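Structure, as structure tokens:
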Amino acid sequence: MSIETKIKNLRNQINEANYDYHTKDNPKISDFQYDALLKELIELEQLYPEFDDPSSPTKKIGGIVLDKFIKHTHKVPMMSLGNIFNESELDSFYERIDKVISNPTFAAELKIDGLAVSLIYESGKFVKAATRGNGTIGEDVTENVRTIKSLPLVLNEPIDIEVRGEIYMSHEAFKKVNLERANEGLDLFVNPRNAAAGSIRQLDSKIVAKRSLSLFTYAVVEPMLYQKTQIDILKYLDKLGFPVNPHYKYVESLEALKESINYFDELRKKLKYDTDGVVIKVNDLSTYDMLGFTAKHPKYAAAYKFQAEKQITEVKDIIFQVGRTGVITPVAELKPVFISGSLVSRATLHNEDYILNKDIRINDYVYVHKAGEIIPEVIEVIFDKRNDQEPFKMIDHCPACGGVLERKLGEADYYCTNPNCSGKNIFGLIHFASRVAMDIDTLGEKVVELLHDQTYLQTIPDIYKLNQYSNELQELPGFGKKKVEKLLDAIENSKNMSFDKLIFGLGIKNVGAKVAKTLVNVYPSIELLIDAKYEDLITIPEIGPEIALSVVSYFKDNNNINMLLELKSFGLNMTHEKEEILEHEFNNKTFVVTGTLDSFSRTEASSIIEKLGGKVSGSVSKKTDYVLAGRDAGSKLDKALELGINVMDEETFKVKINE
Ligand code: IVH
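Residues 1395 to 2053 (my numbering) make up the sequence shown, in order.
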């Protein structure tokens, strides 16, 4: 046997052993045998570097140290899911779908509590992994993901495919890493999700390899190219060699959906990893385009969140925060209490009415839970434990600048009326730099606070002047040359951020991410947007009078105009380019699809044609450009031949769609 074959055989044996142990939880060889095979392979690879291969299982040991992660633009955005918190929201979700496709069926899957990852394979070989990032641009974490034992480096079919899944840390691995950190005097990770996310962001893949991360895959990019239903996608992923969570269910009715949620809620208590809900996906992939999307979520799926745990604690104080629009939010400072995996010492009280309705007072004992398992919230006072606490009284001056507070008629919130309020500025800055807006990595809350306190940052344009103070910034606590360089790079990169993110980042009242997108589509430059008229704005379907008014009054304010001009002078992108239409042969061509196709349903074929810019019609006429004819095509094919219209067979169609 040649050395090359010997190496190949060893690689196959080890890949199989990894699969049996880590993916199927069914080891077929002993640890001793495994170690011996690996040792032999490592030695041979050292002796014969000419047979080096990135798909070798020895690469799972790690060893590559990066100085930063490269950005990766997702071919198809990594969206998140809309949440469902109770039965009535589940009913509405079902009704919405049932209206579009009657009697829908679903795949119900556990929602794994980790971090999303996109995995790219070429000719069946693992080539790249990227984090979700802001959904459009993530980070290339290939070397770290390669170390995950259950990640297949070679698939069972030599195909090109992009797969999405969740990296998570089991309870056992979590305990181990925290024990090690405690021994080294390091801060502990608060939960397995943070530990998994923190590990994936390590620059040294050897450290990642030691963290014992795990993986489940649950989706494929452009799934219809591979299968017809979500259940089939899960089976297909399993067949390719990917780890797939085995606890999924095919569900045929609303009743069955509810039953499956109860089943999963019980099941999850027995699992060795964290889950935070059930992901419900319409099973028939061909209906997804029809069901559509919101700005953030697809409408064909949703995440049913499990009921969060509630705990009793004491309200030590009620303080007030100033939001980016000047809104004042009362917050309860609590005696720290452990809820759903983390220590909670603050909880939102929303507004004056919320506090008065629940009659929450300083020194009360209250129930606290995590709304959506994330945001701590005071839900109820325990009146039996009350003594002589003073009733709550709302403040009338801004806690940040001392400005007068105002509560407009019909609104629940108080706002600071001072346009130069320092409190407002800081939240505006945090929002502007945040992931969802301009995505200026490293300019997070803490850094904004520090730079604000040190007077480097008061306004948004100040962000783009920070490069003048590069040397001074390096002297600030927690800063250094590297961090300042990283910050300034991120700021420079943000100048190319899309126009809608910039508009969203400005924090205009009522202008969220979706409205910002709509606005830049209709007004694709800052000049046009500044001149937008109220009467024109309200004719746009998603924009009502309230939004239109906010937009017009924002751009009427000279301070805002001057700020935008200043940003423009720094080179920020202030135009929106319409999405390129795919230049494909099918663009603008009219098709009729007839007969039985082997690889697609007619609906699938039609949706592919439409994706490539073509139109699909039901009947053949002189205007038809092509008839896609499958087996047993009848009168439509006859008519096409009669009119001399191009007839395309399935094989040609398959070749053309890949061009
Ligand atoms: S499907 C369009 N399936 O939950 C998004 N997601 O908010 C399709 N997750 O970003 C995601 N388990 O990180 C899907 N079985 C599952 C999942 C799952 C966990 C995560 C994922 C996603 C988030 C949704």
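Just so you know, even glycine gets a beta-carbon here, dropped at the ideal spot from N, CA and C.
Just so we're clear, the structure is a prediction, and the values are computed from it rather than from any experiment.
Counting only the Cα atoms, K1859 lies some 45 Å from K1570. By alpha-carbon distance to I1854, the top candidate from L1431, T1530, Q1862, V1842 is V1842. For the set D1883, A1741, P1586, the Cα lying nearest the Cα of E1566 is the one of P1586. A distance criterion of 8 Å places the beta-carbon of P1586 beyond contact range of ligand 1, judged by its closest non-hydrogen atom.
When the beta-carbon positions are compared, V2021 and S2000 stay at least 9 Å from each other. About 6 Å separates the CB atoms of M1472 and S1512; that is less than 8 Å, so the two are in contact. If you look at R1801, you'll find it in the beta strand (DSSP E) that goes 1799-1801.
Within 10 angstroms of the beta-carbon of K1643 lie 16 or more other beta-carbons, which makes it buried. Within its own chain, the residues whose Cβ lies closer than 7 Å to the Cβ of I1458, once the five positions on either side in sequence are excluded, are E1537, S1599, listed in chain order.
In this chain, A1411 is not harboured by any beta strand (DSSP E); it is covered by the alpha helix (DSSP H) spanning 1397-1412. Bounds of the alpha helix (DSSP H) holding H1825 are 1816-1827.
Positions of the alpha helix (DSSP H) runs, each at least 4 residues long and wholly inside the segment 1583-1663, are given as 1586-1594, 1599-1604, 1624-1634, 1648-1661 in order along the chain. In the structure shown, the three-state DSSP call for A2027 is coil.
Listed in chain order, the beta strand (DSSP E) elements of length 3 or more contained wholly in the segment 1435-1499 are 1465-1467.
Residue ranges of uninterrupted alpha helix (DSSP H) with 4 or more members, entirely inside the segment 1817-1891 and ordered along the chain, are 1839-1847, 1854-1857, 1864-1868, 1875-1888. C-alpha of K1465 to C-alpha of V1830: approximately 16 Å in a straight line. Closer than 8 Å to some heavy atom of ligand 1: that does not describe the Cβ of I1932. Pairing S2011 with K1880, the inter-Cα distance amounts to about 53 Å. In this structure, the C-beta of V1987 stays at least 8 Å away from each heavy atom of ligand 1.
Taking L1484 as the centre and dropping the five residues before and after it, the same chain places the C-beta of I1478 closer than 6 Å to its C-beta, in chain order.
If you check the C-beta of N1639 against ligand 1, you find a heavy atom less than 8 Å away.
Listed in chain order, the non-local C-beta contacts of S2013 below 8 Å within the same chain comprise V1986, K2030, local neighbours out to five positions each way being set aside. Under the three-state reduction of DSSP, R1780 is assigned to coil, being neither helix nor strand. Rounded to whole angstroms, the Cβ separation of P1785 and R1755 is 6 Å, and the two are in contact under 8 Å.
Proximity of the segment 1489-1503 to the segment 1557-1564 falls short of the contact definition, fewer than three beta-carbon pairs being nearer than 8 Å. When the beta-carbon positions are compared, A1697 and L1509 stay at least 9 Å from each other. Distances from the alpha-carbon of L2035 to those of V1709, A2023, K1418, P1692 put A2023 closest.
For Y1515, the enclosing beta strand (DSSP E) covers residues 1509-1516. Under the DSSP assignment, D1670 falls in the beta strand (DSSP E) whose first and last residues are 1669-1676. A Cβ-Cβ distance of about 7 Å is found for the pair I1401 and E1439, placing them in contact under the 8 Å criterion. Within the model, the alpha-carbon separation for N1861 versus C1795 is close to 28 Å.
By the neighbour-count criterion, in which a residue is buried when 16 or more other Cβ atoms sit within 10 angstroms of its Cβ, L1803 is exposed. At least one heavy atom of ligand 1 sits closer than 8 Å to the Cβ of G1508.
Secondary structure note for I1941: its alpha helix (DSSP H) is the uninterrupted segment 1939-1950. Between L1737 and the set G1906, T1707, V1521, Y1748, the nearest pair of CA atoms involves T1707. Ligand 1 has a heavy atom closer than 8 Å to the beta-carbon of H1691.
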